[in-house]
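Take a look at the structure set out below.
Residue numbers (our numbering), protein chains in the order written: chain A, 5 to 1055; chain B, 6 to 127.
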């Protein structure tokens, strides 16, 4: 093992050697720099290996031949090894990235870079306070030099800006170093030592003036973390510096400063922890809020860096509470932040323009888009990255200790951060790309790819660590997830091959595992896997490679499968996040779906955070629990757990109030994606509700029966969803709103909490999958052929697209719940269910929603397929084969399910007996008997068939002489109307109804969420004006920060 | 009671620090700000030395008058003096860097007013 002292020696020696070299031999100097940094990286890696694999003890290195306190000592332990590796590797990669700049700048620039890295390593290793001060000053000086690396050629705004940023930094650092020096000397005076451990043992706080001395030091070191409000200087640096330096400044300097704070807290002891927490959480929230209105990419990354550092400070401040899991959480968050932020800064250097929307240029290179996705997922703490496990553990520990305010604030800040990061990703995928080629030079792309690889390696590592913690296998090795991720490697294949692989994989997985599910889960498994495979048939209609589609789709399906297979809260939540992310990528693929995908991911992540909080509350301090033991959650927490989980799941089922993402997301999605995200994805929310209700049953909060509240929400959702559907002009939006209504029905059934209610919900689950997938495909096919989704632009397509017509006809008969199709079965069970329930009023509301469904369904078939054919549509052909084929399969399924509903339902009925023994159905031969009546599907089918044929024949006879209306029989007073579509019968089809009930469809909810978003933006925009760009203000901010902490912290 | 020399030095040091801070926050000229920081830096150094001062003792230099054996009881605490030397060197470096910055800023903008360099903000 090489002594850690060589980390410093190597950098210093190389820097001096550079001075001896011929200044013109720049290549040689560059080689010396790289070799030194690589050597330092290797030394750190070697130590890390020894600590993790061989389990050696931390080593102290004494300098000047004496032991502390007479000389400075350095310590190398596990944390130091990991952190120095991070610093050295970031330095090495940034040096590679800076190749052109360093070669142009010559040996002096390289020496400054070496000193900078060495100083950061020194901060991490040293156990001496004054030595810490020296290394910090070295960081200041070298940083002030490296800031100037930015130049116009390299994508920097202008070297002039970085010049002023550097000066502001020096101003603030002057204040900081005065505080640090004063603090150190008084602490020395009080304890007689400069050694950190010695001072910790001497209990500085008890000595005269010790508290003030520590306060001064603490403020100075914390200021290096860029706490709010003393961080304007750092933002200016992030904005103007060379991205390779910003990568070091964010990842390495941040990590080193955090470790310095950690060491300092050893001296301060427990009473300083709440202050650290307070500073951290305020910084986390403020920085994320101020980032919202940012449009400059690097400044946004700066805000995000500050926020993440604040979050790690919160973790350090909670270490009494977090105990042994502190390193797991702190490193999980820190390392995710460091790798992702370094990667993003490096990425930003590949682009010429600095607005967020300009990142659309990155679309030229799918690999770099993947890198961006990886980094975003790491920053937002999505599985399987370390931040995810850290977030889970942190939230659980905080909830277990009753720290609900802190918990809420952390989740709020994380949600805001996810908001601006995913908005950015939306720009990247959807905005018009500026005309520029993204350079693909190895030394610049290489570091980015190394960061991506590091991200995935860390995901694996943390999965292993978490596996040890929770006693489970590595999440990353779950078969469905691996299958989904393998499509990343196969993305170069043509779409049809990948489609076949996907279908085969899903069917095979179902065949392998179908014996493991109980009847309830089996229904969902069939819908997710077999149903998913069926909708994928439609994807054969897309040609080319379809980059990015299959990883996203398979990720969603993997998440759903893992969801129903999950037995513990952790597995469930991980699966929930995976399916959310996968479906987000799918939805984002639609042409105009950027804003809708964003609102989808925000509602979903918000919901996921509620679920996380609910699980954490239920776990009561344990790292996870069996889902079945939700039933054992005790009284004061139980109703809250119920509320948190229920609201979380309802973000997915789009219950009223949380529904605004759905119409756009489903309508704007690609033709074959709409059925996936509507027919299949919505069921995940229902599944969650089922798990919750089965385990927790009826809960009361302040005397209110929560299932009763659910009934009301469900009834209103059904009513408003249906009503909104009636007034849509866009066929796919109509279907989307109809889904909201349908989910309302299903939720209502569950909330009834009786046997038939649940059966009804399951009938809805099956039916809704079949007919909504079918309708979305049919309408999608029509939209593809006609080039519009506006219904009044269609019409008369019955002869041109007969198969689509049949699908829609069958579909709407099924949806409307009239005999003879399966929708009627749902209604029949539903009417039986409400007969036995005690809540009348919400039932009336739900009842009203029924006829409204007729209105929109009639409109759908009438305006698209009947009436006059438009001139421009005369050459329209039937939808592509692969879009029609699944529709025909669905038609067959609907007919089968209508005739023999017992096929699926009787097993579920029997299964439900163990939960709701009362009021089951009796299955005898072809009839189904309830307490109130019986239903014979076959007889009904025959009767309806006979009636239909009779009436149809009669009509044919009566209307024999009817005259076909020609297209130009109606003329608009010989004038061309101003807006021609307003005269079309299909435009504003239900105007009278709108007059009567339109007030119910006012977008109150949309306005509420818009206002909330506006408020956050405005708050962020006002707040960030604090940073007025004046160096003196920044100095004043630091002093104000010190004073505020002094008084608020009660020092 | 007369204040001791250590107390006087300490007070002087703090007054210098405050003057320096005040100047750095109120003077808009870059050069004056740098001078102000030098003042506060000097103040900090004086405080450090004052901390290490012990009444009636001599400088911590081992020579003919002070031998190693009785040094512990005869010299003042050498650590703050060592620290102050380092602090002075670092202060020199930072001041030089700031002056270089001021020069470059002036070259670029023909102005030394700190309020003129606020393009980066928010």
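Note that beta-carbon positions come from the ideal geometry of N, C-alpha and C, so glycine has one too.
Are residue 331/A and residue 485/A close, meaning C-beta to C-beta below 9 Å? The residue you call residue 331/A lines up with position 327 of the first chain. The residue you call residue 485/A lines up with position 481 of the first chain. No Cβ-Cβ contact shorter than 9 Å links residue 331/A with residue 485/A.
Which first and last residues belong to the beta strand (DSSP E) in which residue 78/A is found? Taking the first chain and counting its residues from 1, the one referred to as residue 78/A is at position 74. Run containing residue 78/A: 77 to 80, per the beta strand (DSSP E) assignment.
Over what stretch of residues does the beta strand (DSSP E) that includes residue 933/A continue unbroken? Along the first chain, one-based indexing puts residue 933/A at 929. For residue 933/A, the uninterrupted beta strand (DSSP E) segment begins and ends at 931 to 933.
DSSP state of residue 25/A mapped onto helix, strand, coil: The residue you call residue 25/A lines up with position 21 of the first chain. Annotated three-state conformation of residue 25/A is coil, per DSSP.
For residue 679/A, collect the residues of the same chain with a Cβ closer than 6 Å to its Cβ; drop the 5 residues on either side in sequence, then sort them by chain order. In the first chain, residue 679/A corresponds to position 675, counting from 1. Result list for residue 679/A: 539, 777, 780 and 781, in chain order.
Short Cβ contact (9 Å threshold) for residue 828/A with residue 753/A: By 1-based counting over the first chain, the position of residue 828/A is 824. By 1-based counting over the first chain, the position of residue 753/A is 749. When the beta-carbon positions are compared, residue 828/A and residue 753/A stay at least 9 Å from each other.
Expressed to the nearest angstrom, what Euclidean distance is found between the alpha-carbon atoms of residue 345/A and residue 241/A? Looking up residue 345/A in the first chain gives position 341. Looking up residue 241/A in the first chain gives position 237. Annotation: residue 345/A to residue 241/A spans about 15 Å, alpha carbon to alpha carbon.
Spell out whether any CB of chain A is found under 9 Å from the CB atom of residue 16/B. As a working note, residue 16/B is residue 11 in the second chain. Cβ-Cβ to chain A under 9 Å: no for residue 16/B.
Where residue 939/A falls: helix, strand or coil (DSSP): If you number the first chain from 1, residue 939/A lands on position 935. In the structure shown, residue 939/A adopts extended strand secondary structure according to DSSP, grouped into three states.
Kindly provide the ranges of any beta strand (DSSP E) runs that are 3 or more residues long and lie completely inside the segment 162 to 203 of chain A, ordered along the chain. Taken in chain order, the segment 162 to 203 of chain A contains no complete beta strand (DSSP E) segment of 3 residues or longer.
Any C-beta of chain B under 9 Å from that of residue 138/A: Mapped onto the first chain, residue 138/A falls at position 134. Yes - at least one Cβ of chain B is within 9 Å of the one on residue 138/A.
Cβ pair count under 8 Å reaching 3, the segment 115 to 134 of chain A against the segment 257 to 265 of chain A: The segment 115 to 134 of chain A, when compared against the segment 257 to 265 of chain A, does touch it at the 8 Å Cβ threshold.
Using C-beta distances below 8 Å, list every residue in its chain close to residue 643/A, excluding the 5 sequence neighbours before and after it, in chain order. For the purposes of this step, residue 643/A is taken as residue 639 along the first chain, with counting starting at 1. Within the same chain, residue 643/A has close Cβ partners 703, 704, 705 and 710.
Using a C-beta cutoff of 9 Å, does residue 192/A count as contacting chain B? Here residue 192/A corresponds to residue number 188 of the first chain, with the count starting at 1. Yes, residue 192/A lies at the interface with chain B (some Cβ there is under 9 Å from its Cβ).
What do you reckon, are the CB atoms on residue 367/A and residue 432/A nearer than 9 Å? On the first chain, position 363 is the one that residue 367/A refers to. On the first chain, position 428 is the one that residue 432/A refers to. Contact: yes.
Report yes if the CB atom of residue 258/A is closer than 9 Å to the CB atom of residue 309/A, and no otherwise. In the first chain, counting from the first residue as 1, residue 258/A sits at position 254. In the first chain, counting from the first residue as 1, residue 309/A sits at position 305. Judged by their CB atoms, residue 258/A and residue 309/A are nearer to each other than the 9 Å cut-off.
What residues in the segment 93 to 123 of chain B bring their beta carbon closer than 7 Å to a beta carbon of chain A? With the criterion set as a beta carbon lying under 7 Å from some beta carbon of chain A, the members of the segment 93 to 123 of chain B are 95, 98, 99, 102, 103, 106, 109, 110, 113, 119, 120, 122 and 123, in sequence order.
Strictly below 9 Å CB to CB, what residues from chain B border residue 1028/A? Here residue 1028/A refers to the residue found at position 1024 when the first chain is read from its first residue. Chain B residues near residue 1028/A: 126 and 127.
Check whether the segment 113 to 122 of chain B touches the segment 222 to 230 of chain A, counting contact only when three or more Cβ pairs, one atom from each stretch, lie closer than 8 Å. Contact between the segment 113 to 122 of chain B and the segment 222 to 230 of chain A is absent: fewer than three C-beta pairs spanning the two stretches fall below 8 Å.
In chain A, which residues lie with their C-beta within 9 Å of the C-beta of residue 88/B? Within the second chain, the letter at position 83 stands for residue 88/B. Neighbours of residue 88/B in chain A, taken as residues whose beta carbon is under 9 Å from its own, are 134, 137, 185, 188, 189, 192 and 198 in chain order.
Alpha-carbon to alpha-carbon, residue 764/A and residue 831/A: For the purposes of this step, residue 831/A is taken as the residue at position 827 of the first chain. For the purposes of this step, residue 764/A is taken as the residue at position 760 of the first chain. Each residue's alpha carbon lies about 8 Å from the other.
Runs of 4 residues minimum, wholly inside the segment 476 to 550 of chain A: which ones carry the alpha helix (DSSP H) assignment? Taking only runs of at least 4 residues, the alpha helix (DSSP H) segments lying wholly in the segment 476 to 550 of chain A are 483 to 493, 499 to 517, 523 to 529 and 536 to 541.
For residue 1093/A and residue 429/A, I'd like the C-alpha separation in whole angstroms. As displayed, chain A neither begins before 5 nor continues past 1055, which places residue 1093/A out of reach and without an answer.
Within a Cβ cutoff of 6 Å, which residues of the same chain sit near residue 907/A, ignoring the five residues on either side of it in sequence? The residue you call residue 907/A lines up with position 903 of the first chain. Contacts found: none.
Where the alpha helix (DSSP H) through residue 991/A begins and ends: To locate residue 991/A, count along the first chain from 1; it is residue 987. Premise fails: residue 991/A is in no alpha helix (DSSP H) and is neither H nor E.
Relative to the C-alpha of residue 107/A, which candidate in 29/A, 605/A and 405/A has its C-alpha closest? For the purposes of this step, residue 107/A is taken as the residue at position 103 of the first chain. Ranking the options by Cα distance to residue 107/A, first place goes to 29/A.
In angstroms with no decimal places, state the Cα-to-Cα distance between residue 746/A and residue 998/A. Here residue 746/A corresponds to residue number 742 of the first chain, with the count starting at 1. Here residue 998/A corresponds to residue number 994 of the first chain, with the count starting at 1. C-alpha separation (whole angstroms): 21 Å.
Name the DSSP bridge partner or partners of residue 928/A? On the first chain, residue 928/A is found 924 positions in, with the first residue counted as 1. Note: residue 928/A sits in a beta bridge opposite 931/A.
Distance between residue 102/A and residue 1005/A (C-alpha atoms, nearest Å): In the first chain, residue 1005/A corresponds to position 1001, counting from 1. In the first chain, residue 102/A corresponds to position 98, counting from 1. Rounded to the nearest whole angstrom, the C-alpha separation of residue 1005/A and residue 102/A is 57 Å.
Three or more beta-carbon pairs under 8 Å between the segment 18 to 35 of chain B and the segment 1044 to 1055 of chain A, yes or no? Contact between the segment 18 to 35 of chain B and the segment 1044 to 1055 of chain A is absent: fewer than three C-beta pairs spanning the two stretches fall below 8 Å.
Would you mind telling me which residues of chain B sit closer than 7 Å to residue 1040/A, beta carbon to beta carbon, in chain order? For the purposes of this step, residue 1040/A is taken as the residue at position 1036 of the first chain. The contacting residues are 30.
Let me know the alpha helix (DSSP H) ranges lying completely inside the segment 622 to 665 of chain A, each 4 residues or longer, listed in chain order. Counting whole runs of 4 or more residues, the segment 622 to 665 of chain A contains the alpha helix (DSSP H) stretches 642 to 657.
CA-CA distance, residue 203/A and residue 271/A? Taking the first chain and counting its residues from 1, one reaches residue 203/A at position 199. Taking the first chain and counting its residues from 1, one reaches residue 271/A at position 267. In a straight line, the C-alpha of residue 203/A is about 6 Å away from that of residue 271/A.
Quick check on the burial criterion: 16 or more other C-beta atoms within 10 angstroms. Buried or exposed for residue 963/A? Residue mapping note: residue 963/A aligns to position 959 of the first chain, counting from 1. Classification for residue 963/A: exposed.
Using a Cβ-Cβ cut-off of 9 Å, state whether residue 33/B counts as contacting chain A. As a first step, residue 33/B is located in the second chain; it is residue number 28 there, counting from the start. Output row for residue 33/B: interface = yes.
Determine the direct distance from the alpha carbon of residue 63/B to that of residue 79/B, and round the result to whole angstroms. Locating residue 79/B in the second chain gives position 74, counting from the first residue. Locating residue 63/B in the second chain gives position 58, counting from the first residue. Taking the straight line from one Cα to the other gives about 6 Å.
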